[in-house]
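Residue numbers (this note's numbering): 128 to 269.
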Amino acid sequence: MTRRVHEVMTRNPVTVERRTSLAEAARVMRDAGIGDVLVVDEGRLCGILTDRDLVVRALAEGRDPAETTVLAVCSAEPLTVGPDDHVDEAVDLMRRHALRRLPVRTGSGEIVGIVTLGDLEVERDPGSPLASIAAAEEVRER
Numbered sequence: 128m129t130r131r132v133h134e135v136m137t138r139n140p141v142t143v144e145r146r147t148s149l150a151e152a153a154r155v156m157r158d159a160g161i162g163d164v165l166v167v168d169e170g171r172l173c174g175i176l177t178d179r180d181l182v183v184r185a186l187a188e189g190r191d192p193a194e195t196t197v198l199a200v201c202s203a204e205p206l207t208v209g210p211d212d213h214v215d216e217a218v219d220l221m222r223r224h225a226l227r228r229l230p231v232r233t234g235s236g237e238i239v240g241i242v243t244l245g246d247l248e249v250e251r252d253p254g255s256p257l258a259s260i261a262a263a264e265e266v267r268e269r
């Protein structure tokens with residue numbers, strides 16, 4: 128039987144409001160030990176910001192992290208999956224669009240999780256090197 132996204136996703140993803148500064152978002156990521164935050168506008172998903180976005184789209188372009196908002200550099204309107212979607216659907220979507228993470232939201236738009244390459248690798252092959260790294264990160268974050 129095929130597993131569902133809610134069985135492998137990371138629950139309660141970290142979010143920041145769209146007007147949050149890049150500097151504050153970086154601190155949030157550092158403090159949570161994560162490489163991405165979901166960008167919201169009054170609870171509605173409007174983007175995803177990764178540590179790579181901070182470097183490539185902000186610092187390398189000379190933007191001031193204290194003055195630039197996350198909305199200015201995040202990937203807007205990210206693709207999402209539902210908690211009851213099949214894991215295979217998430218994998219296919221990630222493969223076709225070269226994505227490393229997918230926000231998980233319900234039909235009503237509530238953000239309930241995020242599914243990452245690490246989550247999927249743990250599901251596919253718990254003994255793989257990527258799964259070991261993902262498992263170590265999960266323990267460290269608790």
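Note that beta-carbon positions come from the ideal geometry of N, C-alpha and C, so glycine has one too.
What you are looking at is a predicted structure, and each value in this text was computed from that prediction instead of being measured.
Take residue i and list the residues in its own chain whose beta-carbon comes closer than 7 Å to its own, dropping the five residues that flank it on each side.
| i | result |
| --- | --- |
| Arg-171 | Gly-236 |
| Thr-233 | Gly-209, Pro-210 and Val-239 |
| Ala-263 | Unreliable positioning characterises Ala-263 in this predicted model, as indicated by a pLDDT of 49, which lies under 50. The coordinate reading is nonetheless provided below. Around Ala-263: no qualifying Cβ. |
What distance in whole Å lies between the Cβ atoms of residue j and residue i, which are believed to be in contact at a cut-off of 8 Å?
| i | j | result |
| --- | --- | --- |
| Leu-229 | Val-197 | No, Leu-229 and Val-197 are not in contact; Cβ-Cβ is about 18 Å, not under 8 Å. |
| Thr-142 | Val-214 | Not a contact, Cβ separation roughly 23 Å. |
| Leu-181 | Val-218 | Actually they are not in contact, since the Cβ atoms of Leu-181 and Val-218 sit about 27 Å apart, beyond 8 Å. |
| Gly-162 | Asp-178 | 4 Å |
Determine the DSSP secondary structure at residue i, reduced to helix, strand or coil.
| i | result |
| --- | --- |
| Ala-225 | coil |
| Arg-145 | coil |
| Ala-153 | helix |
| Asp-158 | helix |
| Val-200 | coil |
| Arg-232 | strand |
| Arg-179 | helix |
| Leu-206 | coil |
| Arg-184 | helix |
| Gly-245 | helix |
To the nearest angstrom, report how far apart residue i and residue j are at their CA atoms.
| i | j | result |
| --- | --- | --- |
| Met-156 | Thr-147 | 13 Å |
| Arg-223 | Cys-201 | 20 Å |
| Asp-158 | Asp-211 | 30 Å |
| Glu-151 | Val-166 | 13 Å |
| Glu-204 | Leu-149 | 18 Å |
| Leu-220 | Met-136 | 15 Å |
Grab me the residues of residue i's own chain with a C-beta within less than 6 Å of its C-beta, minus the 5 sequence neighbours each way, in chain order.
| i | result |
| --- | --- |
| Arg-138 | Gly-240 |
| Arg-184 | Val-200 |
| Arg-227 | Leu-244 |
| Arg-131 | Asp-211 |
On a CA-only basis, which of the options is nearest residue i? Give me that one, please.
| i | options | result |
| --- | --- | --- |
| Val-164 | Pro-140, Glu-194 and Met-136 | Pro-140 |
| Arg-145 | Val-132, Glu-169 and Glu-194 | Glu-169 |
| Pro-192 | Leu-244, Arg-154, Leu-226 and Leu-206 | Arg-154 |
Output needed for residue i: all residues of its chain with C-beta closer than 8 Å, excluding positions within five of it in sequence on either side, in chain order.
| i | result |
| --- | --- |
| Gly-174 | Arg-145, Leu-165, Val-166, Val-197, Leu-198, Cys-201, Ser-202, Ala-203, Glu-204 and Pro-205 |
| Val-266 | Legend: pLDDT at Val-266 = 41, less than 50; position of this residue unreliable, no value from coordinates given. |
| Thr-195 | Ser-148, Leu-149 and Ala-185 |
| His-133 | Pro-210, Asp-211, Val-231, Val-239 and Gly-240 |
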